[in-house]
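First up is the structure itself, then whatever we jot down about it.
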Amino acid sequence: EFREEYAEVFRRHYLSNPVVRTRPYEGIPEVLRELRERGRRLVVVTNKLEDLSKEILRRLDLLDLFDLIVGGDTFPEKKPSPLPLLEALRILGEHPENAVMVGDTSTDVHAGLSAGTRTALALWGYAKPDNLKPDFFLQRPLDILSLA
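Residues in the sequence shown are numbered from 276 upward in steps of one, following the numbering used here.
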């Protein structure tokens with residue numbers, strides 16, 4: 276009971292102050308805008324709560340760049356399960372083989388591989404590339420554009 280109460284207090288506080296230390300990596304907003312100009316569909320699949328993720332993106336002025344936001348609470352399973360990614364693709368009417376999962380953690384790579392997408396590991400984030408076998412390693416945000 277205490278844990279649930281604490282979690283709710285934390286959630287309310289985080290929702291009211293979600294971007295105190297959150298910033299996009301340098302170059303990411305420009306890359307996202309370029310991908311949109313190229314007609315690419317963009318989805319966020321995160322293990323953060325969906326409403327929190329949307330609020331963070333809204334406050335960073337990035338929300339409108341995405342077609343869909345999937346949080347860790349959107350579906351019964353979260354990454355590394357492929358379910359959130361597969362459901363996002365289903366909602367958008369896309370096929371896994373036509374998608375690229377770009378992420379900076381092993382859970383991102385595992386979810387993408389299990390879902391049947393191509394995978395790209397962003398080395399500027401939390402990535403620890405040991406033993407991971409994504410299709411692509413990205414050294415900097417601009418490298419994402421070579422996948423589009």
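We put the CB at the ideal spot given by N, CA and C, even for glycine.
Practice problem: With I366 as the anchor, note down where its beta strand (DSSP E) starts and where it stops. | Solution: I366 -> not in any beta strand (DSSP E); alpha helix (DSSP H) instead, spanning L358 to L367.
Practice problem: Compute the Euclidean distance between the alpha carbons of A395 and V375, then round it to the nearest angstrom. | Solution: 7 Å
Quiz prompt | N- and C-terminal bounds of the alpha helix (DSSP H) containing L388 | solution = S381 to A390
Practice problem: Decide if the region 359-370 is in contact with the region 325-338; the criterion is three or more beta carbon pairs, one per stretch, under 8 Å apart. | Solution: As far as the Cβ criterion goes, the region 359-370 does not touch the region 325-338, which means the pair count is below three.
Quiz item: With a CB to CB cut of under 7 Å and the five nearest residues on each side skipped, what residues in its chain are close to G347?
Solution: For G347, same chain residues with a beta-carbon under 7 Å away, outside a window of 5 residues either side, are T321, N322, K323, L324 and K353 in chain order.
Practice problem: State yes or no: is the C-beta of A363 within less than 8 Å of the C-beta of L388? | Solution: no
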